[in-house]
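In the working numbering, the protein residues as written are 87 to 232.
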């Protein structure tokens with residue numbers, strides 16, 4: 087009866103435990119490396135967090151259209167329209183604005199004015215239907231002020 091060999095399966099558990107502990111130590115070190123905080127530079131102002139500064143403004147009293155335009159009611163028959171802040175930041179610096187002519191009829195959801203940026207024309211949709219009774223001459227003279 088004598089040629090039985092006994093293999094202790096628990097003899098290798100020590101090495102398995104060392105592998106697991108080594109993996110966890112490596113994981114923690116790598117995690118800290120990936121999530122380390124930036125060291126502030128001397129004399130610099132820390133940047134504001136994105137939550138504290140809005141990317142675009144939403145002004146009270148304006149009715150926004152999905153075509154990135156807005157309408158503000160002046161009285162029963164008069165509405166002022168314009169381009170929202172999101173679209174202004176999206177297109178960047180404007181070179182020319184082609185506004186509709188006085189007396190021209192514009193329709194809600196259709197092209198009302200064009201913005202020219204680097205020789206490309208971007209049509210803007212009207213938030214309301216109606217007849218143009220006035221245009222902003224200052225914007226025509228200096229489109230960069232928008």
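Using N, Cα and C, we set each Cβ at its ideal position, and we do this for glycine too. Bear in mind that the values here come from a model prediction, so they are computed numbers and not experimental data.
Skipping 5 residues on each side, what residues in its chain have a beta carbon closer than 7 Å to that of residue i?
i	result
residue 192	186, 198, 212, 215, 216 and 218
Once you ignore the five residues that flank residue i on each side, which residues in its own chain have a CB closer than 8 Å to its CB?
i	result
residue 177	201, 203 and 208
residue 160	166
residue 183	199, 200, 201, 202, 225, 226, 229 and 232
residue 164	219
Give the DSSP-derived three-state secondary structure of residue i in the structure shown.
i	result
residue 171	helix
residue 117	helix
residue 124	coil
residue 93	coil
With distances taken from CA atoms, which of the options is nearest residue i?
i	options	result
residue 156	220, 224, 188 and 195	195
residue 144	169, 205 and 108	169
residue 222	188, 206, 98 and 210	188
residue 180	206, 103 and 98	206
residue 152	210, 92 and 90	210
One question on the structure: do residue i and residue j come within less than 7 Å of each other, judged by their Cβ atoms?
i	j	result
residue 150	residue 171	no
Please find out if some non-hydrogen atom of the ligand MG comes closer than 6 Å to the beta-carbon of residue i.
i	result
residue 151	As for the ligand MG, it is missing from this structure, which has no ligand bound.
Review point. Which runs of the beta strand (DSSP E) fall wholly inside the segment 143 to 224 and span at least 3 residues, in chain order?
Key: 149 to 151, 155 to 159, 165 to 169, 182 to 184, 197 to 203 and 206 to 211
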